[in-house]
Amino acid sequence: MAEPAPVVEMRGISIEFPGVKALDEVGFRLFPGEVHALMGENGAGKSTLIKALTGVYPIDSGTILVEGEQRRFHGTADAQSAGISTVYQEVNLVTNLTIGENVMLGHEVRGPFGVNWRATHRAATEALARLHLDHLDTHRPLSTLSIAVQQLVAISRAMAIDAKVLILDEPTSSLDAAEVDRLFTVMRQLRDEGVAILFVSHFLDQVFEISDRLTVLRNGQFICERRKEELSRQELIAQMIGKDLETLSSLGGNRRAGETEGEREEPLLTAVGVGRRGAIEPTDLEIRPGEIVGFAGLLGSGRTELARLLYGADKADSGTITLRGRKTTLKNPADGLKRRIAFSTENRRDEGVVGDLTVRENLILAVQAGRGWARPVPKRERDEIVSTRMSELNVRPADPDRLIKNLSGGNQQKVLLGRWLATDPDLLILDEPTRGIDVGAKAEIQEAVAELAAQGVAVVFISSELEEVVRLSDRIVVLKDHRKIGEIVNGPEVTAQMIVDLIAAHGADTHHPSPPPPAQPAGNQPLSARSTSAPADPAVSETTEEQS
Amino acid sequence: MSAATTMPAPTAPDSVAATPVVTLLKRLQRLVTINPSTLPTAAAIVIFVGMIIFGEIAYGRIVQYSTLSNLLINNAHLIVIAVAMTFVILTGGIDLSVGSVIALSSVAGVMLANSGLPAVLVVVIMLAIGAAMGLFSGVLVRYFNVQPFIATLSMMFLGRGLASLLSTEPERLADDSPIRALGTQIKIIDGPKVNDLVVTPGVLIAVVVVLVAFFLLHRTRTGRTVYAIGGSENSAVLMGLPAPRTKLLVYVVSGTLSGVAAVIYTARLGIAQNITGSGWEMDAIAATVIGGTLLSGGFGYVLGSVIGALVLGLMNVLITRDGGIRPEMTTIITGGILLAFVLLQRVVIRKRE
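Each protein sequence line maps, in turn, to chains H and E. Position 353 of the first sequence, counted from 1, bears residue number 353 in my numbering, the numbering being contiguous throughout. Position 21 of the second sequence, counted from 1, bears residue number 21 in my numbering, the numbering being contiguous throughout.
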């Protein structure tokens, strides 16, 4: 598919922010009818490049050619009228308006009496039909749809304006396997129709599954552009992080060695029948010091809900928790903190970092909260916490007075980890600590977790990436549909596939006559019947969800 | 309610049309089940109808031409500023300068008219003063990223101060001024005794404002952008909508409509003073909220705000009719109604979540 003329060509693009060269003479080509993956660690300049292309950031130097013509965009509207449409990671639609309006906003069909709503909704339905979403009632509010379907609606929006170029920035980070499949089907279809798709994702498997061509960026510089066949996974990672993979591969081995020793130590935390209505059914659990317990399960399987009970973020309405041999009730996060349990949320942006505070302030936060506001942490102690955690976790840039919102996701996550480590916890609960961050930072966080466990800290590790859970955990608690369905003692023979099979097989005979293919445990449910925003009820769908 | 006025008390036969009320309720119910965000507005309509029925039963002489005509005539300016406020609040902003702009615009208008300027020019200047003040707020909000609350608060002080600079005495509009024509009562139906259906040009202007606002908000891209900004400004920008421009525009609309309200009010009363309109921005906000517009933006209807303004106006009528309620209670009752609606909105939001 070596097309002669790229639909988009960016040459020598440079963008400088105060103190940082975000893009340095970067070139990029996008051909019609291809899926082109833009790869790089966080902070490599992917987002900046996209924003330069869509006119969100003005470029300092370089040229953008669209269909051979030099263009300069002064905003998203400009880029859209040139046929470049973007779907961002956080779905950028407006939930207060209807589905149809979200598809058509700014492009409503107009007649002599202003907007012709009937024609507008018809056009919206046509655009949705290209993604097989024409069963949706365009008059319903967007808020009735799950995040995944909203994502597809956002793509339909691009279709409504006949985009030649579709930019998908991390579209899969909040989707489950079946939803990703649905998205990929749509992407392939659009590609075959001649749409050029720029795809950004941290999931290497997805990148290799869907893309035709890859461009790698590192530290704001262009590294290489290759066809997918020309690049192996290892090579790609090496190109992205700019060094070989010893850090990554050495990790798993270390863990396995010392794993069975100290097995019969007194448990740090014992939960008996702990549950909360609508969130997680009564569950038994034991966690020993120095042990990494992985929670595996699909999005919405109850893993976060269980973790929140252990910390006291939510109050359990049944069961007992015994901590260091003493019965305890955890009513709120302060209780958890006081008993040296730390919980790092999966929702980094909203519940984790405080964007407008500096790295330093974010690091101190939990320690200060533990002491109470009346007793400020002495400056010497503060400086010590900041300098040790930042160097230990290799936070970049190493400037504690930078606002944390200006850090990349991976480095924000390191700061969060540092925040909880500073409280010197006995039990550290990490919910999706590696989601949406690059391989390098991921390796560093995994390493830090393994080291902590070696020092005797008990860790609960929650991740959607089963390989990661398997690599890191001593014991794996498997959850499905708000229930613990099994526990696996990790060993060399345990693989991610085993867990997938366990989840897929569980309850398959009761719910479905034939078990779904194990690789996609959620594949038996139609996309529209899944709702990531309302995990409490897997049967919720946008068509049945009545509001009164 | 600073707009409180007493009603003439004509007598006439009353006729509560029961069937239209029932069909109205049924229609509302259907609308609400399809789109829950209309619930607060529907509730406002139900309460308004309820108030009318209650008033008719308790005091009589509510459902008749003269009372309803006066309700509109006395609240035309409030309806206009409620519409103005709806635009701003839909984007998630607020305009506190409404009352002061009315004071400045009307004092300046009356003084110019009395100095012999032609009436048409005076009206244009009054609107222009409003537009200019709105533009000022809009520029502060758009280009300097000032919180709408602060930007319009400063305009509120500025407007009030300028009005006081012009005059601290009540300025009387000459009796023969053509501007007064906007306040003259036109009899449409000559009922028995004084039960006449009457409108003023001011009421007609308010009706036109409501219709144009409705068209603008529901039938133009600009209007839909107003709603989109209220939903998520960030998303609106990324969707390629002209969000910054529209944000500025709503303050200009609000300022200009404040000028319109100043014209209507001055024409009716014939007096302008630097303290005219103090607290009206709060009445407008109350009317808007009672009408079901969410203060956080994105949800609400112009029609609701009109109903909200009429609810406030009717409440004054009922209190006057009752005679036993002390006038001081008016504010307490307004507060109570407002609180009830805000709580209702909470319930709606919680359901949506």
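Ideal Cβ placement from N, Cα and C applies to all residues, glycine included. Note that the structure is predicted; figures quoted are calculated from it, not measured.
Residue i, DSSP secondary structure in three states
{"i": "H:Lys327", "result": "strand"}
{"i": "E:Gly231", "result": "helix"}
{"i": "E:Phe341", "result": "helix"}
{"i": "H:Ala257", "result": "Unreliable placement is indicated for H:Ala257, whose pLDDT of 40 sits below 50; the coordinate value is still reported in the next sentence. The answer is helix: DSSP assigns H:Ala257 an H, G or I state."}
{"i": "H:His36", "result": "strand"}
{"i": "E:Thr19", "result": "helix"}
{"i": "H:Val216", "result": "strand"}
{"i": "H:Asp169", "result": "strand"}
{"i": "H:Leu309", "result": "helix"}
{"i": "E:Val311", "result": "helix"}
{"i": "H:Ala119", "result": "helix"}
{"i": "H:Leu49", "result": "helix"}
{"i": "E:Ile179", "result": "helix"}
{"i": "E:Val347", "result": "helix"}
{"i": "E:Gly298", "result": "coil"}
{"i": "H:Ile161", "result": "coil"}
{"i": "H:Arg419", "result": "helix"}
{"i": "E:Arg219", "result": "helix"}
Nearest to residue i (by Cα), restricted to the options the options
{"i": "H:Arg182", "options": "H:Leu198, H:Val149, H:Arg213 and H:Leu502", "result": "H:Val149"}
{"i": "H:Asp350", "options": "H:Ile404, H:Asp399, H:Ile385 and H:Pro397", "result": "H:Ile404"}
{"i": "H:Arg170", "options": "H:Glu90, H:Lys338, H:Val115 and H:Asp317", "result": "Rather than Arg, the amino acid found at residue 170 of chain H in this sequence is Glu. Answer by Cα proximity: H:Glu90."}
{"i": "E:Ser105", "options": "E:Val263, E:Ala213, E:Gly336 and E:Asn35", "result": "E:Val263"}
{"i": "H:Leu502", "options": "H:Glu493, H:Gly312 and H:Ile488", "result": "H:Ile488"}
{"i": "E:Leu127", "options": "E:Ser137, E:Asn145, E:Val141 and E:Ile102", "result": "E:Ile102"}
{"i": "H:Asp284", "options": "H:Leu337, H:Ala271 and H:Phe295", "result": "H:Ala271"}
{"i": "H:Leu417", "options": "H:Ile280, H:Lys379 and H:Leu430", "result": "H:Leu430"}
{"i": "E:Leu204", "options": "E:Ile79, E:Thr293 and E:Arg27", "result": "E:Ile79"}
{"i": "H:Val386", "options": "H:Trp373, H:Thr423 and H:Arg360", "result": "H:Arg360"}
{"i": "H:Thr57", "options": "H:Met39, H:Ala77 and H:Leu38", "result": "Reading off the sequence, residue 57 of chain H comes out as Tyr, not Thr. Comparing Cα positions, the closest option is H:Ala77."}
{"i": "H:Val26", "options": "H:Phe222, H:Glu468 and H:Leu268", "result": "H:Phe222"}
{"i": "H:Phe295", "options": "H:Leu479, H:Glu381, H:Phe73 and H:Gln497", "result": "H:Leu479"}
{"i": "E:Tyr143", "options": "E:Ile325, E:Ser115, E:Thr246 and E:Thr225", "result": "E:Thr246"}
{"i": "E:Leu314", "options": "E:Val22, E:Thr38, E:Ala43 and E:Asn75", "result": "E:Asn75"}
{"i": "E:Arg61", "options": "E:Ala181, E:Ala340, E:Ile333 and E:Thr320", "result": "E:Thr320"}
{"i": "H:Val207", "options": "H:Arg226, H:Val109, H:Arg218 and H:Trp373", "result": "H:Arg226"}
{"i": "H:His202", "options": "H:Ser173, H:Ile210 and H:Glu179", "result": "H:Ser173"}
{"i": "H:Leu421", "options": "H:Gly436, H:Met390, H:Arg140 and H:Arg402", "result": "H:Met390"}
C-beta contact flag for residue i and residue j at 8 angstroms
{"i": "E:Ile94", "j": "E:Phe149", "result": "yes"}
{"i": "E:Val198", "j": "E:Ser69", "result": "yes"}
{"i": "H:Ala196", "j": "H:Ala160", "result": "no"}
{"i": "H:Ile145", "j": "H:Leu168", "result": "Per the sequence shown, the amino acid found at residue 145 of chain H is Leu instead of Ile. No, they are not a contact pair."}
{"i": "E:Arg221", "j": "H:Gly100", "result": "no"}
{"i": "H:Pro425", "j": "H:Ile292", "result": "no"}
{"i": "H:Val395", "j": "H:Glu41", "result": "no"}
{"i": "H:Leu128", "j": "H:Leu166", "result": "no"}
{"i": "H:Phe343", "j": "H:Ala398", "result": "no"}
{"i": "H:Ile312", "j": "H:Pro333", "result": "One detail in the question is off: residue 312 of chain H reads as Gly in this sequence, not Ile. Taking 8 angstroms as the Cβ cut-off, H:Gly312 and H:Pro333 qualify as a contacting pair."}
{"i": "H:Leu53", "j": "H:Leu23", "result": "no"}
{"i": "E:Ser167", "j": "E:Asn274", "result": "yes"}
{"i": "E:Leu294", "j": "E:Tyr59", "result": "no"}
{"i": "H:Asn116", "j": "H:Leu142", "result": "no"}
{"i": "H:Ser156", "j": "H:Arg130", "result": "yes"}
{"i": "E:Val260", "j": "E:Val226", "result": "no"}
Residues in the stretch 97-125 of chain H with C-beta within 7 angstroms of chain E's C-beta atoms, listed in sequence order? Leu97, Glu101, Leu105, Gly106, Glu108, Phe113, Gly114 and Val115
Starting from the N-terminal side, write out each stretch of the alpha helix (DSSP H) that is 4 residues or longer and does not extend beyond the stretch 333-396 of chain H. 333-338, 359-371 and 379-392
Every unbroken beta strand (DSSP E) inside the stretch 126-151 of chain E [3 residues or more]: none
To be precise: take each residue of the stretch 433-451 of chain H, compare its Cβ to all Cβ atoms of chain E, and keep it if any distance is under 8 angstroms. Which residues remain? none
Of all the alpha helix (DSSP H) runs that stay within the bounds of the stretch 59-127 of chain E, which reach a length of 4 or more residues? 65-90 and 98-114
When Cβ atoms are compared, which residues of the stretch 399-424 of chain H fall closer than 7 angstroms to chain E? none
Give, in chain order, every residue of the stretch 297-323 of chain E whose Cβ lies closer than 7 angstroms to some Cβ of chain H. Gly298 and Phe299
Mind listing which residues of the stretch 236-260 of chain E have their C-beta closer than 8 angstroms to chain H's C-betas, in chain order? Ala236, Val237, Leu238, Met239, Gly240, Leu241 and Pro242
Looking at chain E, which residues of the stretch 491-510 of chain H have a Cβ within less than 8 angstroms of any of its Cβ atoms? Those residues of the stretch 491-510 of chain H that come within reach of chain E (Cβ to Cβ, closer than 8 angstroms) do not exist; the list is empty.
May I ask you to list, following chain order, the residues of the stretch 209-235 of chain E that have a beta carbon less than 8 angstroms from some beta carbon of chain H? Cβ contacts with chain H: Phe215, His218, Arg219, Thr220, Arg221, Arg224, Thr225, Tyr227, Ala228, Gly230, Gly231, Ser232, Asn234 and Ser235.
The stretch 137-163 of chain E: which residues have C-beta closer than 9 angstroms to a C-beta of chain H, in chain order? none
May I ask you to list, following chain order, the residues of the stretch 190-208 of chain H that have a beta carbon less than 7 angstroms from some beta carbon of chain E? Those would be none; no residue qualifies.
Just list the alpha helix (DSSP H) runs in the stretch 421-455 of chain H, keeping only unbroken ones of 4 residues or longer that don't cross its boundaries, in chain order. 439-454
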